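Read the structure below first, then the notes.
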Amino acid sequence: MSVKIIIDDAKGLYQTGATSGGVVGIKQARSSSGVAAGGNGLIVSGAITIPANSLITAYHVVVTSALTLAAAAKVGSRFGNLAAGTDGTYLALNDDDYCAIVDGVDSLAVGAGNSSDLNISASLDIDGFNTRLVAAAGAQKIGTSDVNIYGALVSSQNITAGGTVQFIIEFITFE
871 MSVKIIIDDA KGLYQTGATS GGVVGIKQAR SSSGVAAGGN GLIVSGAITI PANSLITAYH
931 VVVTSALTLA AAAKVGSRFG NLAAGTDGTY LALNDDDYCA IVDGVDSLAV GAGNSSDLNI
991 SASLDIDGFN TRLVAAAGAQ KIGTSDVNIY GALVSSQNIT AGGTVQFIIE FITFE
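Here the sequence shown is numbered in this note's numbering, starting from 871 and rising by one per residue.
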């Protein structure tokens, strides 16, 4: 059984049972990586479980092993409910969040990435073409059940096998 840690003004610090654990009232982050399989332009993370009664505060995507694209490409990200990485329930795809074809980018170096946080987006903008990620309106409050969210990096060109991307979601859990 998972445990949820709660900090309460009246009770102090205490534990209670929970389906996915976490800490109430403190910003947390969970992440999962995805590896390029090659032969397509999609990298998808494993499930990132966000606890019930949480508010998502930010999304980040960071290249942790260099990505090589077949040619200059449009590259973007999305976060959604489908393990195939094909929906943008929480963060819709802007297909050139990182770069557009006219930018001439055919690889993404380690440390390149993007974020819904303006300052982090700027710090991850190695190539100078980022458009900050924008969360979907009305979808950031998680209801009474845990949800699994999958991040996806989408390229208009094939990605060579082996490149790795880390998908990170920040959130605060309510009691």
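Even for Gly, the Cβ is constructed at its ideal location relative to N, Cα and C.
Everything numeric in this text was worked out from a predicted model, so none of it was measured.
What residues match up with residue i in a beta bridge as DSSP calls it?
i, result
"residue 937", "978"
"residue 1030", "Note: residue 1030 sits in no beta bridge, so no partner."
"residue 1046", "Residue 1046 lies beyond the residue range present for the chain, which begins at 871 and ends at 1045; the question has no answer from this structure."
"residue 947", "1023"
"residue 1018", "919"
"residue 961", "949"
"residue 904", "1035"
"residue 899", "1040"
"residue 1011", "925"
Nearest to residue i by CA position, among the options, is which residue?
i, options, result
"residue 1001", "944, 911, 1045", "944"
"residue 1004", "960, 974, 1036", "960"
"residue 953", "1021, 928, 967", "1021"
"residue 1042", "966, 991, 1012", "1012"
"residue 893", "880, 990, 876, 974", "876"
"residue 1017", "974, 896, 900", "900"
"residue 897", "880, 925, 886, 882", "925"
Would you check if the distance between the CB atom of residue i and the CB atom of residue j is smaller than 9 Å?
i, j, result
"residue 950", "residue 1019", "yes"
"residue 994", "residue 955", "no"
"residue 1036", "residue 930", "yes"
"residue 937", "residue 978", "yes"
"residue 999", "residue 1031", "no"
"residue 976", "residue 942", "yes"
"residue 902", "residue 934", "no"
"residue 1040", "residue 923", "no"
"residue 906", "residue 990", "no"
"residue 1029", "residue 939", "yes"
Can you tell me which of the three DSSP states residue i falls into?
i, result
"residue 1000", "coil"
"residue 986", "coil"
"residue 992", "helix"
"residue 913", "strand"
> At a cut of 8 Å, does the segment 977 to 985 reach the segment 911 to 921 through at least three beta carbon pairs?
Replying inline: As far as the Cβ criterion goes, the segment 977 to 985 does not touch the segment 911 to 921, which means the pair count is below three.
>> With three or more C-beta pairs closer than 8 Å as the rule, is the segment 900 to 912 touching the segment 1019 to 1033?
In response: yes
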